[in-house]
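Engineer:
Residue numbers (the working numbering): 671 to 1172.
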């Protein structure tokens, strides 16, 4: 069967992806700085081998024959879905010449490695040429994909992270949020200005923070037999479903930042660990786009872990793991105080540290800049000025001269991940919609969370999201779970409840 030949080929590609994922994790976590150039060459070569697998001339004939096998009823439902996903992936790959793929990966590796050192030095001028090289090549990639898929270049990039999503739909959702958030944020800030809370006093030793993170990530369902926790410049979740690597970064004066980072990445990891093992390394067995992936991390962090029920369970564990800090300020380590602390709304510079009310503003800003770049309305040299203008308009903050907390703060652009950022806010909307449905369908869910029992929620997610992998579109998965397509309704109701009514 031609389908069987395609499946064997894509399994081999999946194994190459496994190797690349481990090398990229090592690069971000453990690799000596001087090893960078040779690592970039090694990763680029693996991407080249991957590209060769995708571009074997016989694949076109196999796809044509496999489509006939599907029409004849020779394939079961998973195979049909897998054939569709393999074909979608293949279309994107064969649109790109191998030399462009390898050149892009080399530029992205060099850019990301430079960014790690230059961000700390606030050195935009040294970093800018590296980013310009990435953007120039990514524009070639976007143009080639757009031509092959009959999409605009930027829509073609977005489609790589969130299949089927287009700027027109993002514009609709983001316009609704943009109209809602400014006045809502003002109302929340006014309300919280009248509330008191006690700031826990550090230092919070890294070893204690790590122990706390490990206990809570295991409590919420992370399988340590198939994953690990490490430290990196930028928190991320990587690896493969059977070996999920998550990272965080620590600040000894604030333990909540690393903790919520761990729980956020644990949400990603649980999704990966919950994917069907029998479909490992195949496209239909993979996660259904980055908006769904971000929904799982944001559901864990924002919907659950910053809620009063979870924090009533977690606060005693915080006291156990950080006894000196708890003894210094016992009033700070009460569940009610930690809840107030975990739901503070602030206008801040850093996206990964933003609260769920102001977070969409950070994403909207990046989406606007990316779109302008790929529509040739601005150049890389214009980014800092535009960043400052939009930051002032959206959050009332200036980043003039502050590149490390402005346009250099994220790893995504150095790594060439243009089109990814919208997934974060699409994920937040999806998370709110999923959690609202789970709460409605599981009476007593908040009580179970308060007891530290996360299996009811994990079981619901396993049924409606994790087990579905990429068998269906993101919209079909969401509608099956919640009865509705994606909207801002559940998110707005959630923040209204938590920040103004709660």
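The C-beta atom is built at its ideal place from N, Cα and C for all residues, glycine as well. Just so we're clear, the structure is a prediction, and the values are computed from it rather than from any experiment.
Could you check if residue 1050 is buried or exposed, using at least 16 other CB atoms within 10 Å of its CB as the buried criterion?
Structural biologist: So residue 1050 ends up on the buried side.
Engineer: Roughly how far, in whole angstroms, is the beta-carbon of residue 973 from the beta-carbon of residue 934, given that I think they are within contact range, below 8 Å?
Structural biologist: Actually they do not touch by this definition, with Cβ atoms about 11 Å apart.
Engineer: Taking a contact to mean a Cβ-Cβ separation below 9 Å, would you say residue 1037 touches residue 1092 in this structure?
Structural biologist: In this structure, residue 1092 lies closer than 9 Å to residue 1037 by Cβ.
Engineer: Along the beta strand (DSSP E) that carries residue 937, what are the first and last residues, could you check?
Structural biologist: Taken as a continuous stretch (DSSP letters only), residue 937 belongs to no beta strand (DSSP E), being part of the alpha helix (DSSP H) at 925-944.
Engineer: If you scan the stretch 880-919 from start to end, which runs of the alpha helix (DSSP H) of 4 or more residues do you find wholly inside it?
Structural biologist: You should have found no qualifying run.
Engineer: Within the same chain, show all residues whose beta-carbon is closer than 7 Å to that of residue 878, passing over the 5 residues directly before and after it, in chain order.
Structural biologist: Once the five neighbours on either side are set aside, the close Cβ partners of residue 878 are 991, 992.
Engineer: Give the single residue among 850, 772, 675, 899 whose Cα lies nearest to the Cα of residue 1159.
Structural biologist: Comparing Cα-Cα distances from residue 1159 to each of 850, 772, 675, 899, the minimum goes to 850.
Engineer: Can you name the start and end residues of the alpha helix (DSSP H) that residue 748 belongs to?
Structural biologist: Residues 747-764.
Engineer: At what residue ranges does the stretch 1053-1133 contain a whole run of the alpha helix (DSSP H), taking only runs of 4 or more?
Structural biologist: Fully enclosed alpha helix (DSSP H) runs of 4 or longer: 1053-1065, 1092-1111, 1115-1120.
Engineer: Residue 1141 and residue 854 - do their beta-carbons sit closer together than 9 Å?
Structural biologist: No, they are not a contact pair.
Engineer: Less than 9 Å between the beta carbons of residue 1152 and residue 1107, yes or no?
Structural biologist: Against a cut-off of 9 Å, the Cβ pair of residue 1107 and residue 1152 comes out as a contact.
Engineer: Run the CB neighbour count on residue 999, radius 10 Å, all protein chains shown included, and call it buried at 16 or more, exposed below.
Structural biologist: With fewer than 16 other Cβ atoms within 10 Å, it is exposed.
Engineer: So, helix, strand or coil for residue 741, using DSSP?
Structural biologist: DSSP places residue 741 in helix when its eight states are reduced to three.
Engineer: Are the beta-carbon atoms belonging to residue 1157 and residue 1103 less than 9 Å from one another?
Structural biologist: Yes, the pair counts as a contact, with Cβ atoms nearer than the cut-off.
Engineer: DSSP three-state label for residue 1046, please.
Structural biologist: Coil.
Engineer: Starting from residue 817, trace the alpha helix (DSSP H) in both directions and tell me its first and last residue.
Structural biologist: From DSSP, the alpha helix (DSSP H) with residue 817 extends over 794-819.
Engineer: When we look at the beta-carbon of residue 806 and count the other beta-carbons within 10 Å, is it buried (16 or more) or exposed?
Structural biologist: The residue is exposed, with fewer than 16 neighbouring Cβ atoms inside 10 Å.
Engineer: Kindly provide the ranges of any alpha helix (DSSP H) runs that are 4 or more residues long and lie completely inside the stretch 1017-1045, ordered along the chain.
Structural biologist: Within the stretch 1017-1045, the complete alpha helix (DSSP H) runs of at least 4 residues are 1029-1044.
Engineer: Just to check my reading of the structure: residue 884 and residue 988 have Cβ atoms closer than 8 Å, yes? What is that Cβ distance to the nearest angstrom?
Structural biologist: That belief does not hold up - the Cβ atoms of residue 884 and residue 988 are roughly 13 Å apart, past 8 Å.
Engineer: Which whole-angstrom value describes the C-beta separation of residue 1124 and residue 890, a residue pair presumed to lie in contact below a C-beta threshold of 8 Å?
Structural biologist: With a Cβ gap of about 5 Å, residue 1124 and residue 890 count as contacting.
Engineer: Could you say if the stretch 998-1016 and the stretch 855-869 meet the contact criterion of at least three C-beta pairs nearer than 8 Å?
Structural biologist: Enough Cβ pairs lie closer than 8 Å, so yes.
Engineer: Give a yes or no on whether the C-beta atoms belonging to residue 1098 and residue 1019 are separated by under 9 Å.
Structural biologist: Going by C-beta atoms, residue 1098 is not nearer than 9 Å to residue 1019.
Engineer: Go through the stretch 696-741 residue by residue and report every complete run of the alpha helix (DSSP H) that reaches 4 residues or more, in order.
Structural biologist: List check, alpha helix (DSSP H) in window: 706-724, 728-741.
Engineer: Rounded C-beta distance between residue 1057 and residue 801? I'm assuming under 8 Å.
Structural biologist: Actually they do not touch by this definition, with Cβ atoms about 13 Å apart.
Engineer: To the nearest whole angstrom, what separates the beta carbons of residue 945 and residue 1136, a pair I think is in contact under 8 Å?
Structural biologist: 6 Å between Cβ atoms; contact.
Engineer: Spatial neighbours of residue 888 within its chain, please: CB distance less than 7 Å, with the 5 preceding and 5 following residues excluded, ordered by chain position.
Structural biologist: The answer, listed in chain order, is 894.
Engineer: List the whole-angstrom C-beta distance separating residue 739 from residue 673, where the pair is believed to meet the contact cut-off of C-beta under 8 Å.
Structural biologist: Confirmed, Cβ separation roughly 5 Å.
Engineer: Would you say residue 1165 and residue 1040 are within 9 Å of each other, going by their C-beta atoms?
Structural biologist: Contact: no.
Engineer: Using C-beta distances below 7 Å, list every residue in its chain close to residue 975, excluding the 5 sequence neighbours before and after it, in chain order.
Structural biologist: Excluding residues within five positions, the ones whose Cβ falls inside 7 Å are 930, 933.
Engineer: Quick check: what's the CA-CA separation for residue 939 versus residue 897?
Structural biologist: About 8 Å.
Engineer: Need the endpoints of the alpha helix (DSSP H) that residue 785 sits in, please.
Structural biologist: Where residue 785 is concerned, the enclosing alpha helix (DSSP H) stretches over 768-790.
Engineer: Let me check understanding here. Comparing Cα to Cα, which of 776, 718, 803 lies closest to residue 764?
Structural biologist: When each option's Cα is compared against that of residue 764, the closest is 718.
Engineer: Taking only three categories from DSSP, how would you classify residue 986?
Structural biologist: Looking at residue 986 - three-state DSSP - the assignment turns out to be helix.
Engineer: Please confirm whether residue 973 has its beta-carbon closer than 9 Å to some beta-carbon of chain B.
Structural biologist: The displayed structure is made up of one protein chain only, and chain B is not part of it.
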